[in-house]
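Down below is the structure, laid out as structure tokens.
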Amino acid sequence: MSRQAQTEDSVYMNVIPMVDIMFLLLLFFMLTADFGGRELEEVLLSRGASIKEDKQDEAKDRVNINVFHTTTVKDQGTVECPDYDAKKPCRNDSHWNIAIRGKRYGSQELESKAKDLARDFKKFKQNMSDAQAADTKIPTELRVMIRADMRVPFKFVQVCQEKLATAGIYKLEYGAAEPDKK
Amino acid sequence: MAGGGGGEASADNPLPLNVVPLIDVIFCLLLFFMCSFHFKTLEGKMEAWLPQDKGMSNAKPQTDILGEIRIVLEWDKANNRVVRRFGRTEYPNDEDLGELMRKQSDMAKGNGKGDIPVIIQPDGEVPWDEVIRVMDITRQKGLQKMEFNLARSEFKIPDRGEHQTR
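Now the structure itself:
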């Protein structure tokens with residue numbers, strides 16, 4: 001009587017749970033990916049204890065203006081700025097940029113852009129006539145968030161405020177970060 | 183007979199479906215999203231709407247000091263610091279500044295003036311962080327009306343040529 005040794009059983013690896021986990025991970029990372037315009041520039045925001053949560057549905061139709069420093073040599077950029085790298089205010093005006101959706105603007109261009117944004121919003125979202133939309137004295141409900149680096153001199157933010165006010169945009173929000181939890 | 187691999191049709195599954203490329207694509211996508219993922223600081227916002235009806239102005243401070251709480255921020259270049267003033271008094275300490283705002287607000291309410299605005303008047307060289315700090319103190323004290331002294335500035339940023347005027 002011989003017992004035949006068990007023939008070799010192939011060892012099958014059940015990949016179904018692995019594929020399930022991969023789908024879940026993929027779903028997680030896809031849902032948390034943020035390709036919003038505000039992510040285009042690295043900005044060190046000021047911290048504030050009284051900030052309100054920035055909900056995604058409130059951010060719909062909102063325009064983000066980023067006020068940021070040109071990337072420094074330390075971060076593989078093009079300008080030397082030891083003050084900025086040391087997290088101190090940078091006083092070199094040429095290092096600072098104002099951008100909307102990745103495009104940079106000077107003072108006149110920003111005013112023109114703000115008027116375009118206000119006009120389009122009034123025409124398409126607030127259903128105003130062309131004449132009303134073009135009239136900068138009629139304020140718009142368009143919300144604008146200014147995300148300014150904490151080291152930027154106020155005059156850059158002031159330019160943004162001034163140009164937005166000229167275009168009839170008065171609903172301004174300022175980006176801030178939560179304080180460090182100690 | 184040896185069992186078939188993934189591509190072999192079985193009696194139960196007449197349609198062979200090769201899932202190996204599917205898993206490869208999923209791996210690639212997963213790798214992409216993992217590499218582009220980063221933990222970021224939770225961002226919030228502070229609202230400080232501009233006054234609709236006032237527009238641009240070079241408004242001088244009111245003579246009636248109870249009608250507003252005007253906080254002036256100036257950059258002291260010689261000493262490399264920000265000077266925060268209410269009237270002629272300097273308030274370098276956040277707690278003192280907050281208490282001042284609270285007292286002024288309560289005084290104004292007591293005099294029947296209702297909620298008076300906190301007007302923040304920074305000069306152009308003050309770091310933005312200092313301005314946010316004053317805004318934060320204002321909000322922490324429960325004062326909702328906050329405005330910037332919106333005056334025309336002489337400062338101009340050179341145009342970049344990236345915007346097409348319509």
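Sequences listed follow chains A and B, in order.
Residues 1 to 182 in the working numbering are what the first sequence spells out, letter by letter.
Residues 183 to 348 in the working numbering are what the second sequence spells out, letter by letter.
Where is the CB? At the ideal position from N, CA and C, for every residue including glycine.
These numbers were taken from a predicted model, which means no experiment stands behind them.
Pair within 8 Å by beta-carbon distance, residue i and residue j
i, j, result
"A/E173", "B/K259", "no"
"B/V313", "A/F154", "yes"
"A/T32", "B/F209", "no"
"A/T26", "B/L211", "According to the sequence as given, residue 26 of chain A is Leu; it is not Thr. Yes."
"A/V183", "B/I302", "With chain A covering 1 to 182 only, the question about residue 183 of chain A has no answer from this structure."
"A/A49", "B/D318", "yes"
"A/E109", "B/R342", "yes"
"A/V19", "B/I205", "yes"
"A/R147", "A/Y84", "no"
"A/R104", "A/N97", "yes"
"B/F268", "A/M30", "no"
"A/T140", "A/I100", "no"
Sequence-distant residues of the same chain with beta carbon closer than 8 Å to residue i, five excluded per side
i, result
"A/E111", "K163, T166 and A167"
"B/A184", "Confidence at B/A184 is low in this model, with a pLDDT of 39, below 50, so its placement is unreliable and the value that follows should be read with caution. Excluding positions up to five away in sequence, the list is empty."
"A/I138", "K122, M128, Q132 and G168"
6 Å CB neighbourhood of residue i in its chain, flanking five on each side removed
i, result
"A/R143", "R62 and K171"
"A/A133", "R119, K122 and K123"
"B/N240", "Low confidence applies to B/N240: its pLDDT is 48, below 50, so where it sits in the model is not reliable enough to give any reading."
"A/A177", "L45 and R47"
Close beta carbons around residue i, own chain, < 7 Å, minus the five adjacent residues each side
i, result
"B/L325", "M283, S287 and V300"
"A/D149", "V43, L44, V67, F68 and H69"
"B/K323", "G280, M283 and R284"
"B/W257", "V264, D305, E307 and V308"
"B/D311", "none"
"A/K125", "D61"
CB contact check: residue i to chain A, cutoff 8 Å
i, result
"B/F268", "no"
"B/E190", "Confidence is the limiting factor: at B/E190 the pLDDT is only 48, short of 50, which leaves the residue's position unreliable, though a coordinate-based value still follows. Output row for B/E190: interface = no."
"B/V265", "no"
"B/P274", "no"
"B/P304", "yes"
"B/D341", "yes"
"B/P299", "no"
"B/I253", "no"
"B/E277", "no"
"B/Q322", "yes"
Helix, strand or coil at residue i according to DSSP, with G and I counted as helix
i, result
"A/Y12", "coil"
"B/T245", "Annotation note: pLDDT 49 at B/T245 (below 50); position unreliable, coordinate value reported separately. Coil."
"A/Y84", "helix"
"B/M216", "helix"
"A/V152", "coil"
"B/G226", "strand"
"B/N240", "Because the pLDDT at B/N240 is just 48, under 50, the model does not fix this residue reliably, and the value given afterwards should be weighed accordingly. If DSSP states are grouped into helix, strand and coil, B/N240 belongs with coil."
"A/A49", "coil"
"B/L232", "coil"
"A/L172", "strand"
"A/A167", "coil"
"A/I138", "coil"
Minimum Cβ-Cβ distance from residue i to chain B less than 8 Å
i, result
"A/K52", "yes"
"A/Y105", "yes"
"A/Y174", "yes"
"A/Y84", "no"
"A/R151", "yes"
"A/E111", "no"
"A/E162", "yes"
"A/S129", "no"
"A/I98", "yes"
"A/K155", "yes"
Proximity to residue i [Cα-Cα], best of the options
i, options, result
"A/T78", "A/S94, A/E109, A/P89 and A/G106", "A/S94"
"B/V254", "B/V202, B/V308 and B/L211", "B/V308"
"A/Q161", "A/A114, A/N14 and A/P179", "A/A114"
"B/W231", "B/K295, B/S335, B/E329 and B/G343", "B/E329"
"A/D116", "A/V73, A/I98, A/D135 and A/R104", "A/D135"
"A/D180", "A/I51, A/I98 and A/I16", "A/I51"
"B/E225", "A/S129, A/D83, A/M145 and A/G106", "A/M145"
"A/E71", "A/I100, A/E141 and A/C81", "Sequence inspection shows Thr at residue 71 of chain A; the Glu mentioned does not correspond to that position. Comparing Cα positions, the closest option is A/C81."
"B/R315", "B/Y273, B/S335 and B/C217", "B/Y273"
"A/G175", "A/D130, A/A59 and A/K88", "A/A59"
"A/G106", "A/I65, A/E53 and A/V73", "A/I65"
"B/K295", "B/V202, B/E250 and B/V201", "B/E250"
"B/E229", "B/G292, B/V201, B/K327 and B/F337", "B/K327"
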